[in-house]
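Working notes, beginning with the structure itself.
Chains as they are written, first to last, in the numbering used here: chain A, 375 to 588; chain P, 50 to 278.
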């Protein structure tokens with residue numbers, strides 16, 4: 375993998391969004407990944423709808439939580455995702471009013487990625503931003519810098535927040551993952567969270583996945 | 050009104066059952082500590098010592114107290130490892146016109162012997178406490194930080210009681226952020242964020258996704274390595 379990579383500077387990442395008072399991080403992590411995949415494989419960056427997943431992905435639980443792997447499957451079964459503008463975010467579940475005619479993007483498949491962080495970095499650099507799920511320990515009070523909580527405090531077994539890896543690099547020789555969160559730009563570093571890379575910090579390598587677009 | 054005479058002379062440094070003047074704030078502190086606990090699982094008050102200082106229209110109590118946790122057999126539920134029964138806590142309580150407000154709470158397990166200041170043992174038990182010598186204007190500083198938080202994040206509360214509760218949550222969260230900061234091995238900075246007036250439970254329930262712990266969702270095939278031709 376290249377020593378550093380950042381999809382934000384390569385046009386593959388939309389602006390930071392805000393899930394509001396709703397446990398819909400899984401939907402934002404997946405739309406962020408599909409946005410990246412569509413851009414890299416079809417050349418257009420579109421902001422895609424999380425509300426469609428909240429309303430129409432019956433395998434998951436909307437604001438009570440969900441899984442990226444279920445969400446990819448729902449997108450395939452529904453026939454695609456509408457854009458944010460066409461199916462805008464409300465922050466609570468409504469009746470599903472997805473229409474296939476309005477879907478702007480589709481996915482062909484989804485895959486689970488390696489738990490080896492070097493391989494994960496290589497995959498990200500070549501294929502695009504990656505959906506991951508982490509233990510959110512300390513994030514309530516995170517302001518900036520590279521987070522590296524003690525392992526017992528941020529156990530990889532207590533995953534409770536889905537986010538998007540958009541890049542990686544080093545700051546003063548400390549390796550980091552650049553993570554797009556969905557709590558708005560007035561949290562963390564303009565909405566981004568920086569987590570230590572290479573030590574499995576907070577389980578960042580345990581649930582990495584991506585959609586695939588032909 | 051000046052602090053009650055018996056408090057000033059109350060051997061504020063001596064451990065013992067709460068003196069009448071400390072009883073009110075001590076009971077309030079215990080009530081806040083046991084908040085949300087079912088009967089039979091609540092801690093009880095042991096020895097108390099403390100001092101009082103005028104603060105604005107009321108009085109500021111700085112208490113140190115031992116709390117006895119009930120025996121707990123289920124390690125998954127116990128607040129403490131089963132073998133430890135006694136907590137040493139410090140509380141700061143603002144009493145304004147008869148209304149109590151918990152400004153700070155800091156507790157940690159100790160040995161059952163309660164030691165006094167002379168041999169300094171107990172301060173080594175709560176290192177964060179000894180590191181932070183509780184500057185006199187602590188409450189004033191916290192109130193000002195909280196005011197900045199309200200302005201920065203345009204926060205309003207429906208009632209005065211809600212505002213007082215949120216202030217106590219905010220102060221407690223500042224302690225938590227300080228501990229997370231002390232234990233972080235990276236370069237991250239923790240402190241005031243827009244979530245600083247939420248309890249941990251509220252934050253977890255509203256913003257996180259505990260469903261992720263229960264399962265891993267639909268199984269997906271493993272991606273080919275990128276260098277795979």
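Yeah, the Cβ is synthetic: ideal placement off N, Cα and C, and Gly gets one too.
- What residue range is occupied by the uninterrupted alpha helix (DSSP H) comprising residue 467 of chain A? One-based indexing of the first chain puts residue 467 of chain A at position 93. Segment: none, residue 467 of chain A is in no alpha helix (DSSP H) and carries neither H nor E.
- residue 561 of chain A by DSSP, collapsed to three states: which one? The count along the first chain starts at 1 and reaches residue 561 of chain A at position 187. If DSSP states are grouped into helix, strand and coil, residue 561 of chain A belongs with coil.
- Cross-chain neighbours of residue 487 of chain A in chain P, by beta carbon under 7 Å: As a first step, residue 487 of chain A must be located in the first chain, where it is residue number 113. Simply 272.
- Message: On the criterion of 16 or more Cβ atoms from any shown chain inside 10 Å, does residue 89 of chain P qualify as buried, or is it exposed?
- Response: One-based indexing of the second chain puts residue 89 of chain P at position 40. Under this definition residue 89 of chain P is an exposed residue.
- Query: Taking residue 245 of chain P as the reference, which of P/213, P/77, P/120, P/226 has the closest Cα?
  - Reply: For the purposes of this step, residue 245 of chain P is taken as residue 196 along the second chain, with counting starting at 1. Of the candidates P/213, P/77, P/120, P/226, the one whose C-alpha sits nearest the C-alpha of residue 245 of chain P is P/226.
- Message: Assuming the contact rule is C-beta atoms closer than 8 Å, residue 429 of chain A and residue 469 of chain A should be a hit. Round their C-beta distance to whole Å, please.
- Response: Along the first chain, read from residue 1 onward, the residue named residue 429 of chain A stands at position 55. Along the first chain, read from residue 1 onward, the residue named residue 469 of chain A stands at position 95. Contact holds; Cβ gap of about 7 Å.
- Query: First and last residue of the alpha helix (DSSP H) that includes residue 508 of chain A?
  - Reply: Taking the first residue of the first chain as 1, we reach residue 508 of chain A at position 134. Note, residue 508 of chain A: premise wrong, no alpha helix (DSSP H); beta strand (DSSP E) at 504-508.
- Message: Taking beta-carbon pairs under 7 Å, can you tell me which members of the stretch 507-520 of chain A lie near chain P?
- Response: Near chain P, meaning a CB-to-CB distance below 7 Å, the residues of the stretch 507-520 of chain A are 507, 510, 512, 514, 515, 516, 517, 518, 519, 520.
- Message: The beta strand (DSSP E) that contains residue 109 of chain P, what's its start and end?
- Response: Within the second chain, numbered from 1, the residue matching residue 109 of chain P stands at position 60. Segment 107-117, the beta strand (DSSP E) holding residue 109 of chain P.
- Message: Between the alpha carbons of residue 584 of chain A and residue 404 of chain A, how many angstroms are there, rounded?
- Response: Here residue 584 of chain A is taken as the residue at index 210 of the first chain, counted from 1. Here residue 404 of chain A is taken as the residue at index 30 of the first chain, counted from 1. Distance between the alpha carbons of residue 584 of chain A and residue 404 of chain A is about 8 Å.
- Task: Measure from the C-beta of residue 206 of chain P to each C-beta in chain A and report whether the shortest distance is under 8 Å.
- Result: Counting from 1 along the second chain, the entry for residue 206 of chain P is found at position 157. So no, residue 206 of chain P is outside the interface.
- Query: With 16 as the cutoff for other CB atoms within 10 Å, does residue 491 of chain A come out buried or exposed?
  - Reply: By 1-based counting over the first chain, the position of residue 491 of chain A is 117. Flag for residue 491 of chain A reads buried.
- Query: Checking contacts by CB at 8 Å: is residue 203 of chain P closer than that to chain A?
  - Reply: Along the second chain, read from residue 1 onward, the residue named residue 203 of chain P stands at position 154. Not closer than 8 Å to any Cβ of chain A, the Cβ of residue 203 of chain P fails to qualify, so no.
- Query: Under the three-state reduction of DSSP, which class applies to residue 254 of chain P: helix, strand or coil?
  - Reply: Along the second chain, read from residue 1 onward, the residue named residue 254 of chain P stands at position 205. Here residue 254 of chain P sits in helix by DSSP.
- Task: Identify the continuous beta strand (DSSP E) that holds residue 497 of chain A and give its terminal residues.
- Result: In the first chain, residue 497 of chain A corresponds to position 123, counting from 1. Here residue 497 of chain A belongs to no beta strand (DSSP E); instead the alpha helix (DSSP H) covers 491-501.
- Query: What separation, rounded to the nearest whole angstrom, lies between the Cα atoms of residue 100 of chain P and residue 74 of chain P?
  - Reply: Position 51 of the second chain, counted from the start, is the residue given in the question as residue 100 of chain P. Position 25 of the second chain, counted from the start, is the residue given in the question as residue 74 of chain P. Straight-line Cα distance between these residues: approximately 11 Å.
- Can you name the residues of chain P whose CB is closer than 8 Å to the CB of residue 449 of chain A? For the purposes of this step, residue 449 of chain A is identified with residue 75 of the first chain, where counting begins at 1. Going along chain P, no residue has its Cβ under 8 Å from residue 449 of chain A, so there is no contact; the nearest lies around 12 Å.
- Message: Please return the same chain residues whose Cβ sits closer than 6 Å to the Cβ of residue 264 of chain P, not counting the five positions on each side in sequence.
- Response: For the purposes of this step, residue 264 of chain P is taken as the residue at position 215 of the second chain. None.
- Query: Excluding sequence positions up to five away, which residues of its chain have a Cβ less than 8 Å from the Cβ of residue 588 of chain A?
  - Reply: For this step, residue 588 of chain A is matched to residue 214 along the first chain. Correct list, in chain order: 415, 482.
- residue 295 of chain P versus residue 158 of chain P - alpha carbon distance: Residue coverage of chain P in this structure runs from 50 to 278, which leaves residue 295 of chain P outside it and unanswerable.
- Item | Rounded straight-line distance, which links the Cα of residue 221 of chain P to that of residue 155 of chain P | Walking along the second chain from the start, residue 155 of chain P turns up at place 106. Walking along the second chain from the start, residue 221 of chain P turns up at place 172. Each residue's alpha carbon lies about 8 Å from the other.
- Please go through the stretch 404-487 of chain A and give each complete alpha helix (DSSP H) segment of 4 or more residues, from N-terminal end onward. 425-430, 442-452
- Message: Taking a contact to mean a Cβ-Cβ separation below 8 Å, would you say residue 235 of chain P touches residue 520 of chain A in this structure?
- Response: Here residue 235 of chain P refers to the residue found at position 186 of the second chain. Here residue 520 of chain A refers to the residue found at position 146 of the first chain. With contacts defined as CB atoms closer than 8 Å, residue 235 of chain P and residue 520 of chain A qualify as a contacting pair.
- Query: For residue 460 of chain A, which residues from the same chain have a beta carbon less than 6 Å from its beta carbon, with the 5 sequence-adjacent residues on both sides left out?
  - Reply: Here residue 460 of chain A corresponds to residue number 86 of the first chain, with the count starting at 1. Once the five neighbours on either side are set aside, the close Cβ partners of residue 460 of chain A are 476.
- Task: Taking residue 117 of chain P and residue 95 of chain P to be in contact with their CB atoms under 8 Å, please state how far apart those CB atoms are, rounded to whole angstroms.
- Result: Position 68 of the second chain, counting from 1, holds the residue named residue 117 of chain P. Position 46 of the second chain, counting from 1, holds the residue named residue 95 of chain P. The C-beta distance from residue 117 of chain P to residue 95 of chain P rounds to 5 Å, short enough to meet the 8 Å contact threshold.
- Using the C-alpha atoms, what's the distance from residue 582 of chain A back to residue 392 of chain A? Within the first chain, residue 392 of chain A is the residue found at index 18, counting from 1. Within the first chain, residue 582 of chain A is the residue found at index 208, counting from 1. Computed Cα separation, rounded: 22 Å.
- Backbone CA spacing between residue 266 of chain P and residue 527 of chain A [nearest angstrom]: Taking the second chain and counting its residues from 1, one reaches residue 266 of chain P at position 217. Taking the first chain and counting its residues from 1, one reaches residue 527 of chain A at position 153. Taking the straight line joining both Cα atoms gives about 25 Å.
- Task: Please list, in chain order, all residues of the same chain as residue 142 of chain P whose beta carbon is under 8 Å from its beta carbon, the five residues on each side excluded.
- Result: For the purposes of this step, residue 142 of chain P is identified with residue 93 of the second chain, where counting begins at 1. Closer than 8 Å at Cβ, skipping near neighbours: 74, 77, 78, 109, 110, 112, 149, 150, 151, 152.
- Check whether the Cβ of residue 226 of chain P lies closer than 8 Å to any Cβ atom in chain A. Within the second chain, residue 226 of chain P is the residue found at index 177, counting from 1. Yes, residue 226 of chain P counts as interfacial toward chain A.
- Would you identify the three-state DSSP class for residue 400 of chain A, choosing helix, strand or coil? Residue mapping note: residue 400 of chain A aligns to position 26 of the first chain, counting from 1. Residue 400 of chain A: helix per DSSP, three-state reduction.
- Can you tell which of A/394, A/438, A/454, A/411 has the C-alpha that lies nearest to the C-alpha of residue 423 of chain A? Locating residue 423 of chain A in the first chain gives position 49, where the first residue counts as 1. Cα-wise, what sits closest to residue 423 of chain A is A/454.
- According to the Cβ coordinates, are residue 379 of chain A and residue 498 of chain A closer than 8 Å? Against the first chain, residue 379 of chain A aligns to sequence position 5. Against the first chain, residue 498 of chain A aligns to sequence position 124. Yes, Cβ-Cβ distance for residue 379 of chain A and residue 498 of chain A is below 8 Å.
- Message: Please identify the residue among A/550, A/466, A/547 whose C-alpha is closest to the C-alpha of residue 255 of chain P.
- Response: Indexing the second chain from 1 puts residue 255 of chain P at position 206. Nearest of A/550, A/466, A/547 to residue 255 of chain P, Cα basis: A/466.
- Same chain only: Cβ atoms within 6 Å of residue 173 of chain P, ignoring 5 sequence neighbours per side: The residue labelled residue 173 of chain P in the question sits at position 124 within the second chain. Residue confidence for residue 173 of chain P is low, a pLDDT of 30 falling below 50, so the modelled location carries little weight and cannot support an answer.
- Query: Is DSSP giving residue 544 of chain A helix, strand or coil here?
  - Reply: Within the first chain, the letter at position 170 stands for residue 544 of chain A. In the structure shown, residue 544 of chain A sits in a strand (DSSP, three-state: E or B).
- Item | Helix, strand or coil at residue 164 of chain P according to DSSP, with G and I counted as helix | The residue you call residue 164 of chain P lines up with position 115 of the second chain. The predicted model places residue 164 of chain P with a pLDDT of 40, which falls under 50 and marks its position as unreliable; any figure quoted below should be read in that light. Looking at residue 164 of chain P - three-state DSSP - the assignment turns out to be coil, as it is neither helix nor strand.
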